[in-house]
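J.: Residue numbers for the sequence shown follow numbering that gives the first Met the number 0, beginning at 0 and rising by one. All residues carry an ideal CB built from backbone N, CA and C; glycine is no exception.
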Amino acid sequence: MVPEAEFSSYYGRPVVKPAPWGHEVAAYLFLGGVAGGSGLLAAGAQLTGRTKLRRNARLSALGAVGLGAVALVMDLGRPERFVNMLRTIKLTSPMSLGSWILSAFSAGAGIAAAAEIDRMTGERLPLGPLRPVLRAVEGPAGLEAALFGPPLAVYTAVLLADTATPTWNAAHENLPFVFVSSASLAASGLAMITTPVSEAGPARKLAVLGVLGDLVATKFMERRMDPVAAEPLHHGNPGRMLRWSERLAIAGGLGALLGGRHRGVAAVSGLALMTASALTRFGVFEAGKESARHPRYTIEPQKRRLAARRAAGITDDSITTAG
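If you want it as structure tokens, here you go:
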């Protein structure tokens with residue numbers, strides 16, 4: 000009897016080089032979503048006169064973007080490497096544009112949060128004649144942070160999908176929608192934890208919309224991916240994280256919808272939503288790294304795409320005629 004053939008490559012080595020990113024990058028993916036969503040919530044609170052929600056969201060945005068920058072620098076190894084990325088603007092590079100998005104968001108979020116801290120301390124910050132200037136620019140700075148909030152939350156999806164990592168690349172059309180929905184979960188969940196229910200109405204609405212968007216975008220992404228490239232999203236540790244992410248998102252969304260006006264329920268629901276968002280980012284991150292380790296996730300989708308092109312009558316290009 001002939002044994003069933005097993006797919007392999009030369010010496011069992013990966014076909015593509017796995018991304019050299021550690022868990023610091025996964026943490027940055029999550030914290031960027033928290034920061035971007037919080038900046039957007041803060042601007043909404045600013046425009047509707049919700050002072051506590053505005054304060055908490057501004058402080059959350061600054062705290063998340065600060066921790067995210069620390070995680071990014073830890074992965075880079077030396078702080079000056081981040082500064083070097085700001086020497087030029089390369090429109091075709093998600094990493095280059097992301098560095099500028101992060102910097103622009105941080106500037107607006109920092110100014111807006113500084114104004115909140117000054118008010119919280121009874122105007123004890125040593126600002127002197129700069130205090131009137133801070134008061135004058137905090138509003139525009141908050142809106143500027145909101146403008147760069149969604150790009151901050153979503154550019155990391157483009158960064159992952161722009162690599163040759165099989166699972167990330169296969170999800171390139173829909174991963175940004177998953178990440179922006181995930182950011183909505185994280186920011187709204189944090190606001191529900193930190194803000195009294197009397198002012199957290201916009202956060203609850205964003206949470207419900209985020210859950211719906213997250214569930215739909217994730218399922219749609221998986222169905223549009225090559226089934227082999229999507230396998231790491233369902234198996235092993237990444238699969239467990241993504242399954243728990245879905246469960247916690249549903250639980251948090253129901254809590255926000257049905258019991259969000261109760262302080263305890265709102266806090267627990269917010270924690271569930273934040274955890275769901277983190278598990279989504281870490282799950283997608285780990286699934287991509289797993290797909291790069293095994294040659295079949297690269298070769299089998301390539302063969303399927305080649306067969307589809309030939310079946311469609313495309314036989315005169317360098318892809319279908321090679322080999």
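Where do the ends of the alpha helix (DSSP H) carrying alanine 145 lie?
T.: Residues 130-160.
J.: Under the three-state reduction of DSSP, which class applies to valine 196: helix, strand or coil?
T.: DSSP places valine 196 in coil when its eight states are reduced to three.
J.: Do you know how far the Cα of leucine 241 is from the Cα of alanine 18?
T.: Whole-angstrom Cα-Cα distance: 20 Å.
J.: Starting from glutamate 299, follow the alpha helix (DSSP H) in both directions and report where the run begins and ends.
T.: 295-310 is the span of the alpha helix (DSSP H), which, as asked, contains glutamate 299.
J.: Taking 9 Å as the threshold (beta carbon to beta carbon), is leucine 158 in contact with chain B?
T.: Reference to chain B is not applicable here, since this structure consists of a single protein chain.
J.: Alpha carbon to alpha carbon, how far is alanine 68 from alanine 60?
T.: Distance between the alpha carbons of alanine 68 and alanine 60: 12 Å.
J.: Does DSSP put arginine 77 in a helix, in a strand, or in coil?
T.: Note: arginine 77 maps to coil in three-state DSSP.
J.: Once the 5 residues before and after leucine 30 are set aside, which same chain residues still bring their CB inside 6 Å of it?
T.: The answer, listed in chain order, is Ala63, Leu66 and Gly67.
J.: Go ahead and pull the three-state DSSP assignment for aspartate 213.
T.: Aspartate 213: helix per DSSP, three-state reduction.
J.: Tell me which residues share the same chain as leucine 126 and place their Cβ nearer than 7 Å to its Cβ, disregarding the 5 neighbours each side in the sequence.
T.: Only Asp117 and Leu133 meet the Cβ criterion.
J.: Just reading off the alpha helix (DSSP H) that glycine 254 is part of, what are its end residues?
T.: Taken as a continuous stretch (DSSP letters only), the alpha helix (DSSP H) holding glycine 254 covers 235-258.
J.: Which same chain residues, not among the five before or five after alanine 328, have their C-beta less than 6 Å away from its C-beta?
T.: With the chain represented from 0 up to 322, any question about residue 328 goes unanswered, as that position is not in the structure.
J.: By Cβ distance below 7 Å, which residues in the same chain neighbour glutamate 221 in space, the five residues on each side in sequence not counted?
T.: Excluding sequence neighbours, glutamate 221 sits near Ala229 and Leu232.
J.: DSSP three-state label for histidine 261, please.
T.: Coil at histidine 261, not helix or strand.
J.: Just tell me which of Ser180, Ile110 and Arg80 has its CA closest to the CA of alanine 152.
T.: Per the Cα distances, Ser180.
J.: Please report the distance separating the alpha-carbon of phenylalanine 176 from that of arginine 123.
T.: Whole-angstrom Cα-Cα distance: 43 Å.
J.: Closer than 7 Å by C-beta to glycine 322: which residues in its own chain qualify, once you throw out the five before and the five after it? Chain order, please.
T.: Low local confidence applies: a pLDDT of 49 at glycine 322 is under 50, so the model's placement there is unreliable, with the coordinate-based value given in what follows. There are no such residues.
J.: Is leucine 189 closer than 9 Å to valine 14 when the C-beta atoms are compared?
T.: No, they are not a contact pair.
J.: Looking only at its own chain, which residues have a Cβ that is under 8 Å from the Cβ of tryptophan 99, when we skip the five neighbours before and after it?
T.: If we look at tryptophan 99 and ignore the five residues flanking it on each side, its Cβ neighbours are Leu85 and Ile88.
J.: Could you check the C-alpha separation between alanine 311 and proline 226 for me, to the nearest Å?
T.: If you take the alpha carbons of alanine 311 and proline 226, they lie about 20 Å apart.
J.: To the nearest angstrom, how far is it from the Cα of alanine 277 to the Cα of arginine 262?
T.: Those two C-alpha atoms are separated by around 23 Å.
J.: Nearest CA to the CA of histidine 22: which residue from Lys51, Val72 and Arg49?
T.: Among Lys51, Val72 and Arg49, the Cα nearest to that of histidine 22 is on Val72.
J.: Excluding the 5 residues preceding and the 5 following lysine 302 in the sequence, name in chain order all residues of the same chain whose CB lies nearer than 7 Å to its CB.
T.: Contacts found: none.
J.: With a cut-off of 8 Å on the beta carbons, I'd call glycine 259 and arginine 203 a contact; round off their distance for me.
T.: Indeed they touch by this definition, with Cβ atoms about 4 Å apart.
J.: Can you tell me whether alanine 199 is buried or exposed? The criterion is at least 16 other CB atoms within 10 Å of its CB, across all chains shown.
T.: Classification for alanine 199: buried.
J.: With distances taken Cα to Cα, identify the nearest neighbour of proline 323 among Leu28, Arg304, Arg12 and Glu285.
T.: The chain is shown from 0 up to 322; residue 323 falls before or after that span and cannot be answered.
J.: Nearest-angstrom Cα distance between methionine 119 and valine 24?
T.: C-alpha separation (whole angstroms): 33 Å.
J.: Measure the beta-carbon distance from leucine 247 to alanine 271 and round it to whole angstroms, keeping in mind my assumption that it falls under 8 Å.
T.: Their Cβ separation, rounded to whole angstroms, is 5 Å, which keeps leucine 247 and alanine 271 in contact under 8 Å.
J.: How should lysine 218 be labelled, buried or exposed, when 16 other C-beta atoms within 10 angstroms of its C-beta is the threshold for buried?
T.: Flag for lysine 218 reads exposed.
J.: Proline 326: buried (16+ other C-beta within 10 angstroms of its C-beta) or exposed?
T.: Because the chain in this structure spans residues 0 to 322, residue 326 falls outside the shown range and cannot be described.
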